[in-house]
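So the structure is just underneath, and the comments pick up after that.
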Amino acid sequence: MHLPGKPMLGWLDPYCVAPRSGSVLAGLLTLIVLLEVVSGLLAQTPERPNILWITCEDTGPQLGCYNDAYATTPNLDAFAQSALKFTRCWSNAPVCAPARTTLISGLYPTSYGAQHMRSSVRLPQGAQTLPEILSKAGYYCSNNSKEDYNFPKPSRMWNDSSNKAHWKNRQSGQPFFSVFNSTLTHEGQIRKRPYSPKHDPKLAPVPPYQPDDEQVRLDWAQYYDRITEMDAWVGKQLQDLKDAGLEESTIVFFFGDHGCGLPRGKRWLYQSGLHVPMIVHVPKAFAGRFEAIYQPGASSDRLVAFVDLLPTVLDLCQIPLPQGLHGRSFFAPDDLRNHHLFGFRDRMDERIDSSRAIRNDRYLYIRNFMPDRPQGSYLNYMFQTPTTRVWKERFDQGLLNSVQRVFWEPKAIEELYDLQNDPHQIANLATEPTLASLRQELADSLQSKMIELGDTGSLPEDWILNEDLADTELAIRAAWRSGQAQSDPAVLLTMLQSSHVLERYWGAIALRASKAMGAEPRVMDLAQGLLNDPSLVVRAAVAESMARLGPSKQVQDNSMESLVEIFIQEEAPWGARMLALNALCDLGVSSELAASIQEVFDADAKSWNSTLPERYSEYLARLVDRLVETAK
Numbered sequence: 184m185h186l187p188g189k190p191m192l193g194w195l196d197p198y199c200v201a202p203r204s205g206s207v208l209a210g211l212l213t214l215i216v217l218l219e220v221v222s223g224l225l226a227q228t229p230e231r232p233n234i235l236w237i238t239c240e241d242t243g244p245q246l247g248c249y250n251d252a253y254a255t256t257p258n259l260d261a262f263a264q265s266a267l268k269f270t271r272c273w274s275n276a277p278v279c280a281p282a283r284t285t286l287i288s289g290l291y292p293t294s295y296g297a298q299h300m301r302s303s304v305r306l307p308q309g310a311q312t313l314p315e316i317l318s319k320a321g322y323y324c325s326n327n328s329k330e331d332y333n334f335p336k337p338s339r340m341w342n343d344s345s346n347k348a349h350w351k352n353r354q355s356g357q358p359f360f361s362v363f364n365s366t367l368t369h370e371g372q373i374r375k376r377p378y379s380p381k382h383d384p385k386l387a388p389v390p391p392y393q394p395d396d397e398q399v400r401l402d403w404a405q406y407y408d409r410i411t412e413m414d415a416w417v418g419k420q421l422q423d424l425k426d427a428g429l430e431e432s433t434i435v436f437f438f439g440d441h442g443c444g445l446p447r448g449k450r451w452l453y454q455s456g457l458h459v460p461m462i463v464h465v466p467k468a469f470a471g472r473f474e475a476i477y478q479p480g481a482s483s484d485r486l487v488a489f490v491d492l493l494p495t496v497l498d499l500c501q502i503p504l505p506q507g508l509h510g511r512s513f514f515a516p517d518d519l520r521n522h523h524l525f526g527f528r529d530r531m532d533e534r535i536d537s538s539r540a541i542r543n544d545r546y547l548y549i550r551n552f553m554p555d556r557p558q559g560s561y562l563n564y565m566f567q568t569p570t571t572r573v574w575k576e577r578f579d580q581g582l583l584n585s586v587q588r589v590f591w592e593p594k595a596i597e598e599l600y601d602l603q604n605d606p607h608q609i610a611n612l613a614t615e616p617t618l619a620s621l622r623q624e625l626a627d628s629l630q631s632k633m634i635e636l637g638d639t640g641s642l643p644e645d646w647i648l649n650e651d652l653a654d655t656e657l658a659i660r661a662a663w664r665s666g667q668a669q670s671d672p673a674v675l676l677t678m679l680q681s682s683h684v685l686e687r688y689w690g691a692i693a694l695r696a697s698k699a700m701g702a703e704p705r706v707m708d709l710a711q712g713l714l715n716d717p718s719l720v721v722r723a724a725v726a727e728s729m730a731r732l733g734p735s736k737q738v739q740d741n742s743m744e745s746l747v748e749i750f751i752q753e754e755a756p757w758g759a760r761m762l763a764l765n766a767l768c769d770l771g772v773s774s775e776l777a778a779s780i781q782e783v784f785d786a787d788a789k790s791w792n793s794t795l796p797e798r799y800s801e802y803l804a805r806l807v808d809r810l811v812e813t814a815k
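Here it is in structure tokens:
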């Protein structure tokens with residue numbers, strides 16, 4: 184038998200003259216040894232390949248094989264020399280839970296409401312995760328060990344998902360799909376103090392949007408140190424595979440789950456948050472079908488993303504693809520490859536926000552639906568990083584340049600970046616006249632993609648959990664129209680007077696984002712009436728606006744009272760409570776009011792948490808703590 188992808192062995196060719204031997208016994212012994220070798224080769228090359236995912240957390244392409252001279256990654260650099268390196272891979276979401284939800288399901292979480300950080304929403308009916316599909320095809324599926332999916336885990340998703348899970352535990356001869364995840368590079372691991380770095384902080388590549396500060400450099404040096412440690416761990420995973428004789432029967436993927444854990448990386452829709460390393464090794468026995476694309480040691484500039492991982496694995500394993508997947512194989516023919524990538528950002532931990540991104544080969548377009556919320560809005564976990572605190576302190580002291588200040592200021596509604604000439608995305612070209620048609624083309628493509636997916640990001644989050652998804656297109660169009668409403672009183676008035684709650688909701692957000700509308704008497708009169716709107720999400724958004732823009736102190740005080748009432752109301756939906764509490768944190772309250780809210784929350788926290796998704800409950804407590812901490 185001739186092994187596919189391997190040279191014909193002369194001693195197995197019936198037409199080959201047998202080698203001369205000093206004795207018949209020596210010849211027989213030689214034949215036995217050779218047959219054992221062949222048997223081993225056959226055992227290493229099953230009909231279907233093994234699949235190994237080696238993943239790490241909070242890691243962008245800061246690797247030597249991605250031309251980063253500051254990085255020390257000998258194992259990954261060597262691995263890349265025999266694999267295909269993708270240079271344009273997005274994680275779709277710039278934070279772990281929605282990113283991992285995307286890659287394991289082959290679906291955009293925005294299509295069914297699982298995009299918010301640490302939410303819990305059922306998968307669409309009939310949807311299957313990758314390990315479920317592979318299990319049915321006879322694979323042993325193990326995960327070691329992070330899951331962090333934004334959906335309840337199916338009971339038979341993994342054969343083993345624990346810190347002891349391993350492909351070694353499968354039955355003899357059984358193909359495997361195994362995931363090994365490293366937390367060495369996680370955000371929480373790159374901010375230790377005191378710390379003695381191995382990488383020289385003076386040489387750290389501090390991006391231009393962050394201040395050049397000793398603490399910032401130390402965080403970056405520590406990040407690169409952790410990458411080096413992670414690289415050694417990757418080397419061990421690859422060595423284990425080699426020692427078991429499985430190199431030639433296992434397709435190996437290495438990737439990070441999203442960008443670097445320093446601020447403006449993780450959680451944001453820039454390359455620093457979405458661009459991840461993706462290196463794939465396909466042994467010769469399985470590479471033949473993809474030889475037009477797969478070349479060991481080469482780089483591919485194809486646009487690929489996490490939503491494509493599930494169909495890619497099934498393609499490599501020659502397993503039929505289920506209907507309804509949103510991605511396509513990394514190795515799809517040219518006429519079927521991606522021409523755009525789609526990114527999304529909604530609630531991050533305790534902070535409500537909504538933005539979408541799309542990129543083509545050269546340009547990145549971002550639409551911010553809540554532009555009044557600065558990128559640097561307070562997040563408890565993010566502010567534990569020294570870089571974040573130093574950056575904010577310098578902003579408060581007026582010590583930042585115009586590029587560095589952007590993170591702490593209200594966002595632009597639209598952002599457009601030339602990725603070829605602006606690797607850090609610091610020059611927003613959205614108002615550049617010569618790029619107007621390109622900007623509109625990308626904006627139209629993004630809106631169409633959202634409508635096609637039934638993107639739930641324009642709905643209040645608790646509506647999603649109540650499966651009230653009938654009006655996604657109306658909500659999407661209202662969210663886009665709110666950008667125009669921020670500068671057009673006629674559009675804003677139409678939205679605020681709409682009979683549909685979602686139109687009023689996005690009109691209220693437009694009002695909140697536009698200081699100019701405070702000078703429009705008709706808008707102010709109408710907004711005051713909406714303080715009694717039957718929808719609490721509308722009331723909360725309007726109340727925050729009027730607490731800032733109200734024409735009198737009385738109106739502003741009434742608006743603050745309205746927010747407090749929404750938060751302490753037992754029967755209020757938790758989504759409205761979150762809106763109200765986010766607003767109160769941004770507005771700031773007196774120490775007396777903060778203490779009262781803390782008291783009410785502590786007394787009723789147990790009953791409130793019983794109405795929240797389990798993965799969500801800690802976020803209310805973080806907001807209350809922040810409210811007390813910043814009380815005036």
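Heads up: the sequence shown is residues 184 to 815, going by this note's numbering. Every residue, glycine too, gets a C-beta built ideally from N, C-alpha and C.
Opposite Tyr323 in the DSSP bridges: which residues?
-> Phe359
Per DSSP, what kind of secondary structure is Arg231 in: helix, strand or coil?
-> coil
Three-state secondary structure (DSSP) of Gly526 = strand
Answer yes or no: do Leu367 and Trp403 have a C-beta to C-beta separation smaller than 8 Å?
-> no
Thinking just about the alpha-carbon of each residue, which of Phe750, Ser728 and Ser641 is nearest to the one in Gln298?
-> Ser641
State the Cα-Cα distance for the pair Arg805 and Tyr453, rounded to the nearest angstrom.
-> Whole-angstrom Cα-Cα distance: 26 Å.
Per DSSP, the bridge partner or partners of Phe552 = DSSP, once it has assigned bridges, lists no residue as partnering Phe552.
Contact between the stretch 351-366 and the stretch 538-550: three or more CB pairs below 8 Å?
-> no
Candidates Asp645, Glu330 and Ser328: which alpha carbon is nearest Pro796's?
-> Scanning Asp645, Glu330 and Ser328 for the CA closest to the CA of Pro796 turns up Asp645.
Would the stretch 454-464 and the stretch 267-278 be scored as touching if the rule is three or more Cβ pairs under 8 Å?
-> yes
Which partner residues does Asp708 have in the DSSP bridge list?
-> BP columns for Asp708 are empty, so no partner.
Alpha-carbon spacing of Ser204 relative to Asp440, whole angstroms = Unreliable placement is indicated for Ser204, whose pLDDT of 37 sits below 50; no coordinate value is reported for it.
So, is Gln680 buried or exposed, given that buried needs 16 or more other C-beta atoms within 10 angstroms?
-> exposed
Let me know if Leu386 comes out buried or exposed under the rule of 16 or more other beta-carbons within 10 Å of its beta-carbon.
-> Answer is exposed; the Cβ neighbour count stays below 16.
With a cut-off of 8 Å, do at least 3 Cβ pairs link the stretch 562-577 to the stretch 683-703?
-> By the C-beta criterion, the stretch 562-577 is judged not to be in contact with the stretch 683-703, since fewer than 3 inter-stretch pairs fall below 8 Å.
Local conformation of Met565 per DSSP, three classes = Of the three classes helix, strand and coil, the one that applies to Met565 here is helix, per DSSP.
Confirm, please, whether the CB-CB distance from Phe469 to Ile434 is below 8 Å.
-> yes
When DSSP labels each residue in this structure, what does Asp343 get in the three-state scheme?
-> In this structure, Asp343 counts as strand in the three-state DSSP scheme.
Candidates Ser800, Pro643, Val772 and Gly771: which alpha carbon is nearest Asp785's?
-> Ser800
Given Gly559, which residues of its chain have a CB within under 6 Å of its CB, disregarding the five upstream and five downstream residues?
-> Taken in chain order, the residues that qualify are Phe590 and Trp591.
With burial defined as no fewer than 16 other Cβ atoms inside 10 Å of the residue's Cβ, what is the status of Tyr802: buried or exposed?
-> buried
Where do the N-terminal and C-terminal ends of the beta strand (DSSP E) with Tyr600 fall, by residue?
-> Element bounds for Tyr600: Glu597 to Asp601.
Take Val586 and list the residues in its own chain whose beta-carbon comes closer than 6 Å to its own, dropping the five residues that flank it on each side.
-> Pro391, Tyr392 and Ile609
Got a sec, what are the start and stop residues for the beta strand (DSSP E) Thr433 sits in?
-> Per DSSP, Thr433 belongs to the beta strand (DSSP E) from Thr433 to Gly439.
Classify Tyr546 as helix, strand or coil using the three-state DSSP reduction.
-> strand
Assigned secondary structure, Met461 (DSSP; H/G/I helix, E/B strand, else coil) | Under the three-state reduction of DSSP, Met461 is assigned to strand.
Out of curiosity, what's the CA-to-CA distance linking Tyr407 and Asn364?
-> 18 Å
With DSSP run on the structure shown, which of helix, strand or coil describes Lys375?
-> coil
Every unbroken beta strand (DSSP E) within the stretch 267-300, with a cutoff of 3 residues, ordered by chain = 267-269
Beta-bridge pairing of Asn364 - partner residues as DSSP gives them | Thr238
Distance, Cys279 Cα to Val304 Cα = 16 Å
Check whether the Cβ atoms of Ala661 and Met678 sit closer than 8 Å, and answer yes or no.
-> yes
Local Cβ density within 10 Å of Pro281, reported as buried at 16 or more and exposed below that = Pro281 should be labelled buried.
Helix, strand or coil at Leu217 according to DSSP, with G and I counted as helix | Only weak support is given to the placement of Leu217: the predicted model assigns it a pLDDT of 37, under 50, and the value that follows is read from those uncertain coordinates. Reduced to three states, the DSSP call for Leu217 is helix.
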